[in-house]
Ligand code: GLU
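In this note's numbering, the protein residues as written are 1230 to 1648.
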């Protein structure tokens, strides 16, 4: 890997937005630093009798606008700088859609697919105990991210509740429905991406139906996005996962692919086949000649090495940080529109907010109501960002940060500094 540091990416974008907004350096000095960074070690008794010590993190970037909010990532290559960047992106994501949260993120360096269910359960509970002093419904509320899911959230909620001596559903979101999880939460990020795709295609005068789309990543976000765009009659010509990708010019059979992937947690696309499918690499997927490209995997996928080869007209960032700042400049010079992550993938945290609201009020909303409210928030945020970007003739990422950074700085200024 190069010297790519995602936190530097965040700082440069924030700095640029704060300058355009005309803030003095002292107004935004504090938001350049996460409020808290915790590094923990997580010893686990493995099934083979050995003890393995995993490394974990929880970072709270900001609590200026509300409790810290953000997912827990289980991945082999995660590190503190990545968690810092991901936590800051959460701050600006919550601000751009205007929900009353700050930003946080956590991670454990591990490969969840290599752990047995018992090992994963133990690791999750030991990690929850290690970050226990930081989390809580009024302090910091974790949720699923890459490599984690509703079951893991249930174990976190159970551990936190046992340690407190009473049931605390609002400590995490993305829980199973029977524990107070929100209906619609599992599909929420993908649904939000779908609303965003429809909004941007509409602004660009491109029809939804038949439009060629490539999606990188078949995790929770990529797979639900593929499903919903397919249901909206878009032509999904390529999808990929860690094992590589599939390409079919006339459009892939997404329901069949999703069925195949869900049958076994070890199923990968490299073993999938249907008539007319060609197997491609992830790099080939990113540079395909499609109208729309949706990176829905990890950071740093479109960078200075491949930005000049991107052929899509439009990129909608379903992952966090998939396009680097250097790539952004190249894409913008080439006239490629990028809808930024903090806007496009905010659907997940918006429905996490709905879940938390339901938990602390002990009420439950219907799935229809959740989806309607999600659409309202996503549409409003999209139009806000579109309008400011058009008015100032700036890329949408800068427009989104103008809105988000202003909300965070103004909240911080209103609270004042403790002298
Ligand atoms: N991990 C998701 C994200 O990056 C969701 C976070 C949440 O719901 O708190 O936006």
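All C-beta atoms, glycine included, are put in the ideal place defined by N, C-alpha and C.
Residue 1291: member of the beta strand (DSSP E) spanning 1280-1291, first to last residue. Using a Cβ distance threshold of 9 Å, residue 1526 and residue 1448 count as a contacting pair.
Counting along the chain, no alpha helix (DSSP H) covers residue 1467; the unbroken beta strand (DSSP E) around it starts and ends at 1464-1470.
Sorting 1481, 1433, 1436 by C-alpha distance to the C-alpha of residue 1456 places 1481 at the top. Counting along the chain, residue 1525 sits inside no beta strand (DSSP E), nor does DSSP assign it H or E at all. For residue 1548, the number of other beta carbons within 10 angstroms of its own is at least 16, and it is reported as buried. Taking every protein chain shown into account, the CB of residue 1598 has fewer than 16 other CB atoms within 10 angstroms, so this residue is exposed.
The Cβ atoms of residue 1375 and residue 1304 lie closer than 9 Å to each other. Residue pairing by DSSP puts residue 1270 in a beta bridge opposite 1284.
With a cutoff of 8 Å, residue 1369 does not count as near the ligand GLU, since its C-beta is closer than that to no heavy atom of the ligand.
The C-beta of residue 1348 has 16 or more other C-beta atoms within 10 Å across all chains shown, which makes the residue buried.
In the structure shown, the three-state DSSP call for residue 1299 is coil. Setting aside the 5 residues that flank it on each side, residue 1428 is surrounded in the same chain by 1611, each with a C-beta closer than 6 Å to its C-beta; the list follows chain order.
Considering only 1582, 1644, 1401, the residue with the shortest C-alpha distance to residue 1387 is 1401. In terms of side-chain proximity, the C-beta atom of residue 1235 is found no nearer than 8 Å to any non-hydrogen atom of the ligand GLU.
The alpha-carbon separation between residue 1298 and residue 1606 amounts to approximately 17 Å.
Contact between the segment 1260-1271 and the segment 1279-1296 is present, with at least three C-beta pairs closer than 8 Å. Residue 1589 is classed as exposed because its beta carbon has fewer than 16 other beta carbons within 10 Å across all chains shown. Residue state for residue 1624 is assigned as coil, using DSSP reduced to three classes.
The Cβ-Cβ distance between residue 1326 and residue 1302 does not fall below 9 Å. Residue 1582 sits buried, since 16 or more C-beta atoms from the chains shown fall within 10 Å of its C-beta.
Under the 8 Å Cβ criterion, the segment 1526-1543 does not count as touching the segment 1246-1256, having fewer than three qualifying pairs. Separation of the CB atoms of residue 1257 and residue 1554 is rounded to 18 Å, and the pair is thereby denied contact status at 8 Å. By the beta-carbon neighbour count (other beta carbons within 10 angstroms, threshold 16), residue 1564 is exposed. For the pair residue 1306 and residue 1530, the Cα-to-Cα distance works out to about 14 Å. Residue pairing from DSSP places residue 1373 in a beta bridge opposite 1301. Nearest to residue 1506 by C-alpha distance, out of 1522, 1478, 1513, is 1478. Contact check for residue 1467 and residue 1514: beta-carbon distance about 5 Å, within the 8 Å limit, so the pair qualifies. Per DSSP, residue 1590 is one residue of the alpha helix (DSSP H) stretching across 1576-1590. Around the beta carbon of residue 1293, a 10 Å sphere encloses 16 or more other beta carbons of the protein chains shown; the residue is thus reported as buried.
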